[in-house]
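Per my numbering, the sequence shown runs over residues 248 to 814.
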Amino acid sequence: MRMLIGDYLIRRLAEAGISHLFGVPGDFNLSFLEQVEAAPSVSFVGSCNELNAAYAADGYARTAGLCGLVTTLGVGDLGAISGIAGAYAERVPFVHITGIPPLHAVESRALLHHTLADGGYGNIGRCMAEYTVAQARLTPANAVEEIDRVLQACWRERRPVHLQLPSDITHLSIEVPDAPLVLEDSQGDAEQVALAAEHIATRLAAARHPVMILDADVDRFGTASLVADLAERGVIACVATAPAKAVLDETAPYYLGGYVGAASRPDIRELVSQSDCVIGLGLRFTEINTGFFTQKIRPEAFINILAHEVSLAGRSIPAAPMAAVLKALLAKLFPSTRTLPARPATGAASAPGQGDDALTHAALWPRVAAFLREGDVIIGEAGTSNTALLGTAFPQKTRYIAQPIWGAIGYTLPALFGSYMGSPERRHILFIGDGSFQLTVQELSSILRHGQKPIIFLLNNKGYTIERLILGERSRYNDIANWRYAALPHAFDREDKALSLVVERVSELEDALKQAEQADKAVFIELILPEMDAPEALKRFGIAVADYDYGPTGPRNASTQTHAQKG
């Protein structure tokens with residue numbers, strides 16, 4: 248059959264399960280957006296800027312599956328590039344479609360706006376190639392093959408891809424296949440999969456104290472239920488790195504808590520270091536996952552089941568994808584007589600502070616833990632919020648969204664917008680600091696414009712507290728303007744779609760939480776906190792970062808060294 252190129256792209260997007268495209272209109276993508284407007288299968292969702300749109304696409308993809316990002320050449324692409332790079336680092340898939348000048352202008356090297364006016368049209372594609380797993384510039388001759396190839400790569404690798412769509416070809420007719428697009432995960436090589444599963448099963452059968460360390464790929468490749476089955480049948484303890492927070496049911500008996508190398512809870516640290524069989528699941532040894540590379544894992548005991556291969560004590564078994572290996576392993580595994588390690592006793596912690604006491608982090612987070620409920624989508628901004636939430640036990644079926652690897656501040660507000668768009672039936676709760684909020688604040692208007700009803704906690708501690716804890720406690724570069732944050736929902740919306748509250752004392756927090764439970768609208772709660780107050784884990788993190796980044800002779804330690812030399 249014959250279809251217009253833009254319509255065929257929309258058809259393939261819909262067949263891939265994509266129903267929402269985030270972005271910003273520009274003259275080079277308007278011809279395509281006209282086709283989107285007319286299509287019943289795909290909706291365009293406008294954002295305030297391209298960076299926010301990329302973050303929104305990231306948030307959507309984490310809770311609802313594949314989506315798209317639409318920009319215009321140059322200014323739009325580079326505005327979005329940090330969000331695209333973050334999705335690449337965190338392994339989050341979406342399709343980036345950029346409208347570029349007409350094909351005749353590209354081929355004749357015309358000096359157009361949104362370019363460097365040097366006739367070059369390959370620079371943006373080269374930039375995007377660094378942060379996407381597949382790229383193509385569409386033409387009438389290659390559109391069918393390239394659209395399918397790039398979409399398959401997006402799904403297979405669970406990372407962003409990049410399509411350039413010239414503005415003058417969207418309404419050209421081409422011959423297209425009748426068969427629908429079917430996205431499939433690689434099944435690998437059956438012999439390699441069986442070999443990997445046999446090796447792992449043998450190791451597990453002989454192990455006395457096995458442990459599995461989860462990373463984000465367990466979520467991205469949809470293998471959490473397989474891992475849970477493996478943990479139950481094999482009686483295997485599980486711990487999670489920061490990117491895998493809440494991927495497993497944190498109330499399950501096999502789940503022990505978070506793993507961060509030497510900064511882990513003592514029983515977890517000892518279990519991993521002494522284990523005779525450590526199974527990583529997509530494990531990446533980043534400084535965030537390992538407590539600045541302080542992990543202690545016996546090399547001969549380590550197995551890493553990666554997205555597309557397995558590493559056994561340093562030996563690679565290719566063509567052995569994670570899902571296929573886990574299924575084969577479950578078929579070989581017999582119920583074990585092992586017992587799980589005992590968890591430390593944890594009683595219900597009493598929340599410090601009461602009545603007119605000033606709000607502190609010590610008073611805040613135990614009350615937040617009690618406020619959370621089954622099925623929540625919880626979003627934690629880099630810094631104070633993420634650190635506190637990583638140490639908070641979540642109820643069943645909780646979804647946690649954070650960006651611990653890329654760590655771009657401001658990510659979470661537009662990510663909330665995208666996640667809510669994809670899963671409006673769930674309660675969404677965002678915790679974000681004032682410094683981060685100022686980077687992407689405009690997307691609050693999109694949240695309200697679409698009638699979303701999240702609960703947003705704005706932690707106002709007058710600046711970049713996480714940076715102050717690293718260096719420059721009193722330095723002006725860590726200061727920001729102290730906005731009237733609770734007034735912003737009313738400034739961004741004329742229809743009173745949000746309840747705004749300011750909390751300075753413990754009693755006010757408890758009242759605000761009650762109101763948030765009952766409100767049938769968005770809730771924005773500004774929490775006034777002391778400038779240098781922070782969770783203890785964040786204070787330790789600040790010291791570790793300073794030591795790693797600046798060394799023993801760095802500016803943080805200079806005064807101590809000078810004093811020691813004088814002594």
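The beta-carbon is built from N, C-alpha and C at its ideal position, and this holds for glycine as well.
Computed from a prediction, not measured in an experiment: that's the story for all the values here.
Asked                                                                                                                                                                                        : Found
Residue 374 by DSSP, collapsed to three states: which one?                                                                                                                                   : helix
Find out if the Cβ-Cβ distance for the pair residue 249, residue 404 is shorter than 9 Å.                                                                                                    : no
Got a sec, what are the start and stop residues for the alpha helix (DSSP H) residue 562 sits in?                                                                                            : Per DSSP, residue 562 belongs to no alpha helix (DSSP H); it is in the beta strand (DSSP E), 562 to 564.
As a quick exercise: from 738, 274 and 681, pick the residue whose alpha carbon is nearest that of residue 415.                                                                              : 274
Where do the N-terminal and C-terminal ends of the alpha helix (DSSP H) with residue 696 fall, by residue?                                                                                   : 690 to 696
Check whether the stretch 309 to 317 and the stretch 652 to 672 touch, using three or more Cβ-Cβ pairs below 8 Å as the test.                                                                : yes
Would you call the stretch 528 to 540 in contact with the stretch 460 to 468, where contact means no fewer than 3 C-beta pairs closer than 8 Å?                                              : yes
In the DSSP assignment, find the unbroken beta strand (DSSP E) run with residue 382 in it and report its ends.                                                                               : 382 to 384
To the nearest angstrom, report how far apart residue 317 and residue 253 are at their CA atoms.                                                                                             : 13 Å
Report, in whole angstroms, the separation of the C-beta atoms of residue 777 and residue 533, which I expect to be a contact under 8 Å.                                                     : That belief does not hold up - the Cβ atoms of residue 777 and residue 533 are roughly 31 Å apart, past 8 Å.
Please work out which residues of its chain come closer than 7 Å, Cβ to Cβ, to residue 814, disregarding the five sequence neighbours upstream and downstream, and give them in chain order. : With a pLDDT of 41 at residue 814, under the threshold of 50, the modelled position of that residue is not reliable, and the figure given next carries that caveat. Closer than 7 Å at Cβ, skipping near neighbours: no residue.
So, at 7 Å on beta carbons, what are the nonlocal neighbours of residue 384 in its own chain, with the 5 sequence-adjacent residues on each side left out?                                   : 372 and 411
Taking the alpha helix (DSSP H) that residue 544 belongs to, which residues open and close that run?                                                                                         : Note, residue 544: premise wrong, no alpha helix (DSSP H); not H, not E.
Ends of the alpha helix (DSSP H) at residue 269?                                                                                                                                             : It is not in any alpha helix (DSSP H) - residue 269 instead sits in the beta strand (DSSP E) that spans 267 to 270.
Using a Cβ-Cβ cutoff of less than 7 Å, which residues in the same chain neighbour residue 336 once the five nearest sequence positions on both sides are dropped?                            : 652 and 653
Could you tell me whether the Cβ of residue 425 comes closer than 9 Å to any Cβ of chain D?                                                                                                  : This model lacks chain D altogether; it includes just one protein chain.
Quick check on residue 291: does DSSP put it in helix, strand or coil?                                                                                                                       : strand
Applying the criterion that 16 or more other CB atoms from any shown protein chain within 10 Å of the CB defines a buried residue, is residue 497 buried or exposed?                         : buried
Let me check understanding here. Comparing Cα to Cα, which of 579, 407 and 680 lies closest to residue 773?                                                                                  : 680
What are the uninterrupted segments assigned as alpha helix (DSSP H) that are 4 or more residues long and contained completely in the stretch 359 to 440, given in chain order?              : 370 to 376 and 390 to 404
Keeping to the same chain, check which residues put their C-beta closer than 7 Å to that of residue 682; ignore five residues upstream and five downstream.                                  : 656, 710, 711 and 727
Look at the Cβ atom of residue 687, then the Cβ atom of residue 658, and state whether they are nearer than 9 Å.                                                                             : yes
Going straight from the alpha carbon of residue 328 to that of residue 408, what length do you get?                                                                                          : 12 Å
For the stretch 463 to 492, list the alpha helix (DSSP H) runs that are entirely contained and at least 4 residues long, ordered along the chain.                                            : 464 to 467 and 471 to 481
Considering only residues of the same chain and omitting the five flanking positions on each side of residue 400, which have a CB-CB separation below 7 Å?                                   : 380, 381 and 408
Which of the three DSSP states is assigned to residue 731 in this structure?                                                                                                                 : coil
With 16 as the cutoff for other CB atoms within 10 Å, does residue 426 come out buried or exposed?                                                                                           : exposed
I'd like the list of long-range same chain contacts for residue 580, defined as Cβ closer than 8 Å, with 5 residues on each side in sequence excluded.                                       : 448, 451, 477, 480 and 481
Where does residue 502 sit, in a helix, a strand or coil, going by DSSP?                                                                                                                     : strand
Using beta-carbon positions only, say whether residue 489 and residue 663 come within less than 9 Å of one another.                                                                          : no
Please report the straight-line C-alpha distance between residue 446 and residue 269, rounded to a whole angstrom.                                                                           : 45 Å
Taking residue 613 as part of the alpha helix (DSSP H), name the residues at either end of that continuous run.                                                                              : 608 to 618
Under a Cβ-count criterion, where at least 16 other Cβ atoms within 10 Å of its own Cβ denotes burial, should residue 417 be classed as buried or exposed?                                   : buried
Going by alpha carbons, who is nearest to residue 708 out of 691, 685, 700 and 284?                                                                                                          : 685
Mapping DSSP to helix, strand and coil, what is residue 457?                                                                                                                                 : strand
Can we say the stretch 617 to 626 touches the stretch 253 to 268, given the rule of at least three CB pairs closer than 8 Å?                                                                 : no
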